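> One structure, pasted below without further comment.
Number of protein chains: 2
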Amino acid sequence: MKDTQTGAPPRVPFSTHPSRYKHWKLEIDGPVAWLKMDVSEDEGLRPDYKLKMNSYDLAVDIELDDAVTRLRFEHPEVAVVCIESLNDRIFCAGANIFMLSTSTHTHKVNFCKFTNETRVNIEEATAKSFQKYVASLNGAAAGGGYELALACDEIHLVDDRSSAVSLPEVPLLGVLPGTGGLTRLVDKRRVRRDLADAFCTIAEGAKARKALEWGLVDFVHPKSSYAEAVRDRVKELAGKGNAAQGVELDDVAPQMDGDTLRFKYLTLELTPGERMARLTITGPTAEDARIPADASSLGAGWYALRMWRELRRAILELRFNYPEIGLVTFHTEGDPKDVLALDEALEAHKDDWFVRETLLQQGRTLKMIDVTARTFFAIITPGSCFAGSLFELVLAADRAYMLDDPDRDNTIALSAMNAGRFPMAHGLTRLENRFYGSPESVGRVLARRGEALEPETAKELGLVTDALDDIDWDDEIRIILEERRSLSPDALTGMEANLRFVGPETMESRIYARLSAWQNWIFTRPNAVGERGALTSYGKPHSPEFDWSRV
Amino acid sequence: MKDTQTGAPPRVPFSTHPSRYKHWKLEIDGPVAWLKMDVSEDEGLRPDYKLKMNSYDLAVDIELDDAVTRLRFEHPEVAVVCIESLNDRIFCAGANIFMLSTSTHTHKVNFCKFTNETRVNIEEATAKSFQKYVASLNGAAAGGGYELALACDEIHLVDDRSSAVSLPEVPLLGVLPGTGGLTRLVDKRRVRRDLADAFCTIAEGAKARKALEWGLVDFVHPKSSYAEAVRDRVKELAGKGNAAQGVELDDVAPQMDGDTLRFKYLTLELTPGERMARLTITGPTAEDARIPADASSLGAGWYALRMWRELRRAILELRFNYPEIGLVTFHTEGDPKDVLALDEALEAHKDDWFVRETLLQQGRTLKMIDVTARTFFAIITPGSCFAGSLFELVLAADRAYMLDDPDRDNTIALSAMNAGRFPMAHGLTRLENRFYGSPESVGRVLARRGEALEPETAKELGLVTDALDDIDWDDEIRIILEERRSLSPDALTGMEANLRFVGPETMESRIYARLSAWQNWIFTRPNAVGERGALTSYGKPHSPEFDWSRV
Numbered sequence: 000m001k002d003t004q005t006g007a008p009p010r011v012p013f014s015t016h017p018s019r020y021k022h023w024k025l026e027i028d029g030p031v032a033w034l035k036m037d038v039s040e041d042e043g044l045r046p047d048y049k050l051k052m053n054s055y056d057l058a059v060d061i062e063l064d065d066a067v068t069r070l071r072f073e074h075p076e077v078a079v080v081c082i083e084s085l086n087d088r089i090f091c092a093g094a095n096i097f098m099l100s101t102s103t104h105t106h107k108v109n110f111c112k113f114t115n116e117t118r119v120n121i122e123e124a125t126a127k128s129f130q131k132y133v134a135s136l137n138g139a140a141a142g143g144g145y146e147l148a149l150a151c152d153e154i155h156l157v158d159d160r161s162s163a164v165s166l167p168e169v170p171l172l173g174v175l176p177g178t179g180g181l182t183r184l185v186d187k188r189r190v191r192r193d194l195a196d197a198f199c200t201i202a203e204g205a206k207a208r209k210a211l212e213w214g215l216v217d218f219v220h221p222k223s224s225y226a227e228a229v230r231d232r233v234k235e236l237a238g239k240g241n242a243a244q245g246v247e248l249d250d251v252a253p254q255m256d257g258d259t260l261r262f263k264y265l266t267l268e269l270t271p272g273e274r275m276a277r278l279t280i281t282g283p284t285a286e287d288a289r290i291p292a293d294a295s296s297l298g299a300g301w302y303a304l305r306m307w308r309e310l311r312r313a314i315l316e317l318r319f320n321y322p323e324i325g326l327v328t329f330h331t332e333g334d335p336k337d338v339l340a341l342d343e344a345l346e347a348h349k350d351d352w353f354v355r356e357t358l359l360q361q362g363r364t365l366k367m368i369d370v371t372a373r374t375f376f377a378i379i380t381p382g383s384c385f386a387g388s389l390f391e392l393v394l395a396a397d398r399a400y401m402l403d404d405p406d407r408d409n410t411i412a413l414s415a416m417n418a419g420r421f422p423m424a425h426g427l428t429r430l431e432n433r434f435y436g437s438p439e440s441v442g443r444v445l446a447r448r449g450e451a452l453e454p455e456t457a458k459e460l461g462l463v464t465d466a467l468d469d470i471d472w473d474d475e476i477r478i479i480l481e482e483r484r485s486l487s488p489d490a491l492t493g494m495e496a497n498l499r500f501v502g503p504e505t506m507e508s509r510i511y512a513r514l515s516a517w518q519n520w521i522f523t524r525p526n527a528v529g530e531r532g533a534l535t536s537y538g539k540p541h542s543p544e545f546d547w548s549r550v
Numbered sequence: 000m001k002d003t004q005t006g007a008p009p010r011v012p013f014s015t016h017p018s019r020y021k022h023w024k025l026e027i028d029g030p031v032a033w034l035k036m037d038v039s040e041d042e043g044l045r046p047d048y049k050l051k052m053n054s055y056d057l058a059v060d061i062e063l064d065d066a067v068t069r070l071r072f073e074h075p076e077v078a079v080v081c082i083e084s085l086n087d088r089i090f091c092a093g094a095n096i097f098m099l100s101t102s103t104h105t106h107k108v109n110f111c112k113f114t115n116e117t118r119v120n121i122e123e124a125t126a127k128s129f130q131k132y133v134a135s136l137n138g139a140a141a142g143g144g145y146e147l148a149l150a151c152d153e154i155h156l157v158d159d160r161s162s163a164v165s166l167p168e169v170p171l172l173g174v175l176p177g178t179g180g181l182t183r184l185v186d187k188r189r190v191r192r193d194l195a196d197a198f199c200t201i202a203e204g205a206k207a208r209k210a211l212e213w214g215l216v217d218f219v220h221p222k223s224s225y226a227e228a229v230r231d232r233v234k235e236l237a238g239k240g241n242a243a244q245g246v247e248l249d250d251v252a253p254q255m256d257g258d259t260l261r262f263k264y265l266t267l268e269l270t271p272g273e274r275m276a277r278l279t280i281t282g283p284t285a286e287d288a289r290i291p292a293d294a295s296s297l298g299a300g301w302y303a304l305r306m307w308r309e310l311r312r313a314i315l316e317l318r319f320n321y322p323e324i325g326l327v328t329f330h331t332e333g334d335p336k337d338v339l340a341l342d343e344a345l346e347a348h349k350d351d352w353f354v355r356e357t358l359l360q361q362g363r364t365l366k367m368i369d370v371t372a373r374t375f376f377a378i379i380t381p382g383s384c385f386a387g388s389l390f391e392l393v394l395a396a397d398r399a400y401m402l403d404d405p406d407r408d409n410t411i412a413l414s415a416m417n418a419g420r421f422p423m424a425h426g427l428t429r430l431e432n433r434f435y436g437s438p439e440s441v442g443r444v445l446a447r448r449g450e451a452l453e454p455e456t457a458k459e460l461g462l463v464t465d466a467l468d469d470i471d472w473d474d475e476i477r478i479i480l481e482e483r484r485s486l487s488p489d490a491l492t493g494m495e496a497n498l499r500f501v502g503p504e505t506m507e508s509r510i511y512a513r514l515s516a517w518q519n520w521i522f523t524r525p526n527a528v529g530e531r532g533a534l535t536s537y538g539k540p541h542s543p544e545f546d547w548s549r550v
């Protein structure tokens, strides 16, 4: 594996904390949080580019993502989060172009996925956590800067005769506004498609008057009264805030032990020579299901939260730090009854703010698996606990194999968690997605929730791909895994992206499908990344040169 | 322009006729049509590959498309079309691999788009024209061969212990089953996603028993009684057939006049040096709106049919024979009132089979524009007739500019045709798509149907991008066109593919978006098309070599 053996590209560090932020200031003022962007030029992920004009790379976005998550857990009292810039002329210049033009294709694609997930999480916080995001564009917002604003619930722009919003990716760089920009313009803000087309080809963008007229922003204020107008609006929106005491999130960084990443509740064992990883999750204990009246007293170490945050971290480690691991097997160890008990307790307390946030964290983690470009196979053996919320991992996996040994118990089970708690990005539950167009099949399996389902029953109900005899189990699984990892990684990525999402699409799923797939294509094209491509040529003395063929 | 100046790749010929088919036999037996595949190895589009084992290239698909369209117009009496093979061991081996591996990226992408449109048209014939398609797999159906079957309404497979259905693209070629295969498996046939995952990675596919069990086919019959069983079933489905006399379709090939393609009702003027084309449509006459009791007596020369078939042909010419023309302007000449009169007459006779087919042809042509990777701008000037059905061209265009000259009349108008007759692939009308999320805006403009709308009104209603003063008109339009054609063709393709479709998706639109965008990406990747890529290596002594990074 290039990464671990040569050390380059550098290992991406995901652990951070507001006290250590290099690019953001997070200030809490009662029911309002101010998230102020102040990117340190020299503190990007790599030393060979400078993050000028509040442009960002993954390091900046990791902090943003951390802030968005912490606000939900640590500051539930906050009702409005206002994002602005400490640079008084530039809100944000978007993703750093030199970073993009010098990154590998793999990094670019995963960087975009991470930023897209962060933007979607901002929208989820507004919709589900009663934390409304306001973008205060106190200076120019270009490209990813404006796309960040698009993820907010409302957008203010200073009317100072110079500040503009813009999506200059197409005219300047020959790539797309791929962090949801194209999709949110027309789907969310309902900018008419021909106006959106014009806007996306004008490098200088639109200043206050036109931005308001075209629906690109919600409010404009003259420079002289801008700060006050935004402060008043934000206070009005926040009201008295939400009444709750937060829970501090601890660091979930794994211990590195050779090729093994050890977390508290899970282990990720890499076998680089086989391009595989084994992800083993320890189930909860009976104790974890005892939720007190003040659920938040359980703290961030509570299994229901901690394990899923660890799982999220494991997925990020795979995406960025182990690109050649193509196949991940899911394993669990524990008692299915304890998972069901925890699920039941969570469902009973779902209106408690901390339980609500815990469930949303679980759902976000599951959604990440759906869009992660690795094969996931669930391997269900005696001693495992693929029940309820943990059974969602089986439903998220590309396939699931269950050992059928007459001498040893091996069961799976469903819970209320499989009935709608964790919608996928396209709006269906994983059971509805699995049994697309057959609500009777969904009903049939949900009717048996709580029941320990044996391998043959699980197979007959369509809940696992196959139940295999104990006699040939080892050989059959070995061959299945060997076959999988011999296939073209690109073809698998495309196949999985298509088969995992059946039926309808939403704005969110369109961002990952229609928009990201096109952007990925453009990221491979000489017209963008070739020696004379537009992305490569940016800031250089020569003009880009295009192959004019329209594909 | 490479194409016209060097003559290579060869100009694609689109005109054909059943009497000249090289790869198919079309036999009509009362209410049943037999469409028999019998590909001539040496009659592909290029001489450097052989179409062995009923594999196909664009030449084969042009004939298939011709047959599907002719059956609807020339043989409305046919109620069932049964596709089978004259090769008694192979139904169809799919798209020819050597053709794929030696074609340009542009050709591959456009080839896939054409085949996808043909498959969608097969489904439209079943749904709207009462012509049910039955796939009779009297031998193995691999890759595109099985994808053709997936587009049919039911699939029969011979149970002979050797014939299988398969999608071997991922394991053998490192590309996707991109002619709708992945999407139709799960969305249409509702094959469970994990079974679809397994099926798509097994090169040898599934024989009769397993194919039936997994829902890959609808019926299997033993070899001894296969032909009879299919014949009986097809006769049963066909019943007495439909009662109507067909209309023979004439050839719509243009006259070539230097860089101008002249059709009867439209002209395509290319200016290769500017990478632009001007498409001018002549409107109908008052006479065209007189529809007799037997509409079919109007014949294929009738404006309402002929013009739209010519437009379809012009789009195909652009796609395949003029890849460097990036920007097409739409113009019309005629009286808007005559268009409205024709639309009204069509609407009044919409239940007549010939009028129904004519309207479907118009709708299919408009859908082609939506997925064509060229910029379309509508230029609305005095003397034009962008009304009703022709106004759909404005709605399909990326932008529309209208000349506002106080001394000369220049109006547009809507008709019933804009209210639901021509849905886009994702199910919305072009007006609903334009005013996404605002049914009141749709209602507001439809309330004014029939009215001649002046430039300022058209702009105020949101029906055109801008209304420009006559004083600067020439300069402004020139600058707008110059700016557009200076942009990266790839970035424009991606941008247009995203902005043209707002909101929901359907199986059909998912095939063009999620599936095709991923396939296009894979078609640029070294793991498929590099020197040691899987597609390039197929049939060669060396094994493919992969860069194992997962993107």
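Here the protein sequences line up with chains A and B, keeping their order. With numbering that gives the first Met the number 0, letter number 513 in the first sequence gets 512, and the count goes up by one each step, no holes. With numbering that gives the first Met the number 0, letter number 398 in the second sequence gets 397, and the count goes up by one each step, no holes. All C-beta atoms, glycine included, are put in the ideal place defined by N, C-alpha and C. Since the model is a prediction, treat every value here as computed from it, not as a measurement.
#1: I'd like to know if Glu475 (chain A) contacts chain B, where contact means its C-beta is closer than 9 Å to some C-beta of that chain.
#2: Is the region 123-136 of chain A close to the region 146-165 of chain A, with three or more CB pairs under 8 Å?
#3: From what residue to what residue does the alpha helix (DSSP H) around Met494 (chain B) run?
#4: Measure the C-alpha to C-alpha separation of Gln4 (chain A) and Phe545 (chain B) and round it to an integer number of angstroms.
#5: Quick one: is Asn432 (chain A) near chain B, going by C-beta distance under 9 Å?
#6: For Ala7 (chain B), collect the residues of the same chain with a Cβ closer than 6 Å to its Cβ; drop the 5 residues on either side in sequence, then sort them by chain order.
#7: Helix or strand or just coil, what does DSSP make of Met98 (chain A)?
#8: What three-state label does DSSP hand Leu534 (chain A) in the structure shown?
#9: Residue range of the beta strand (DSSP E) that Ile378 (chain A) falls in?
#10: Determine which residues of the region 359-383 of chain A have a Cβ less than 8 Å from any Cβ of chain B, and write them out in chain order.
#11: Identify the contact partners of Trp520 (chain A) in chain B, using a Cβ-Cβ distance below 8 Å as the criterion.
#12: Taking the CB atoms as reference points, tell me whether Val11 (chain B) and Phe262 (chain B) lie closer together than 9 Å.
#13: Helix, strand or coil for Gln244 (chain A) per DSSP?
#14: Let's see if you can read the secondary structure: which residues bound the alpha helix (DSSP H) around Ile89 (chain B)?
#15: From what residue to what residue does the beta strand (DSSP E) around Val164 (chain A) run?
#16: Is the beta carbon of Gly362 (chain A) closer than 9 Å to that of Met421 (chain A)?
#17: Shortest alpha-carbon distance to Asn120 (chain A) belongs to which of A:Arg69, A:Leu99 and A:Val164?
#18: Let me make sure I understand the geometry here. Which of A:Phe329, A:Ala285 and A:Arg398 has the alpha-carbon closest to that of Ala340 (chain A)?
#19: Under 8 Å by Cβ, that's how I've got Leu215 (chain A) and Leu265 (chain A) pegged, so tell me the actual separation to the nearest angstrom.
#20: What does a CB cutoff of less than 6 Å around Asp258 (chain A) pick up in its chain, not counting 5 residues either side in sequence?
#21: Tell me whether Lys206 (chain B) is buried or exposed, calling it buried when 16 or more other Cβ atoms sit within 10 Å of its Cβ.
#22: Are the C-beta atoms of Gly325 (chain A) and some chain B residue less than 9 Å apart?
#23: Distance, Cα to Cα, Asp573 (chain A) vs Ala415 (chain A)?
#24: Can you give me, in chain order, the residues of the region 186-220 of chain A that have a beta carbon less than 8 Å from any beta carbon in chain B?
#25: So that I know if they touch, is there some Cβ in chain B lying closer than 9 Å to that of Thr3 (chain A)?
#26: Does Pro221 (chain B) come out as helix, strand or coil in the three-state DSSP assignment?
#27: Along chain B, which residues have their Cβ under 7 Å away from the Cβ of Ala512 (chain A)?
#28: In the structure shown, what three-state DSSP assignment does Lys127 (chain A) receive?
#29: Using three-state DSSP, classify Asp334 (chain A) as helix, strand or coil.
#30: Output the boundary residues of the beta strand (DSSP E) element that contains Thr551 (chain A).
Taking the geometry as given:
#1: no
#2: yes
#3: Pro488 to Leu498
#4: Bear in mind that the predicted position of Gln4 (chain A) carries a pLDDT of just 37, short of 50, making it unreliable; the figure below should be weighed with that in mind. Taking the straight line joining both Cα atoms gives about 19 Å.
#5: yes
#6: With a pLDDT of 45 at Ala7 (chain B), under the threshold of 50, the modelled position of that residue is not reliable, and no figure is offered here.
#7: helix
#8: helix
#9: Thr374 to Ile379
#10: Ala372 and Arg373
#11: Asp489, Gly493, Ala516, Asn519, Trp520 and Thr523
#12: no
#13: coil
#14: Taken as a continuous stretch (DSSP letters only), Ile89 (chain B) belongs to no alpha helix (DSSP H), being part of the beta strand (DSSP E) at Ile89 to Cys91.
#15: Ala163 to Ser165
#16: A small fix is needed here, since residue 421 (chain A) is Phe in this sequence, not Met. Yes.
#17: A:Arg69
#18: A:Ala285
#19: At roughly 43 Å, the Cβ-Cβ gap does not stay under 8 Å, so Leu215 (chain A) and Leu265 (chain A) are not in contact.
#20: Leu269
#21: buried
#22: yes
#23: Outside the shown range of chain A, which is 0 to 550, sits residue 573 (chain A), and nothing can be said about it.
#24: Asp186, Arg189, Arg191, Arg192, Asp193, Leu194, Ala195, Asp196, Ala197, Cys199 and Thr200
#25: Only weak support is given to the placement of Thr3 (chain A): the predicted model assigns it a pLDDT of 35, under 50, and the value that follows is read from those uncertain coordinates. So, not an interface residue.
#26: strand
#27: Ala512 and Arg513
#28: helix
#29: coil
#30: The first residue shown for chain A is 0 and the last is 550, placing residue 551 (chain A) beyond what the model contains.
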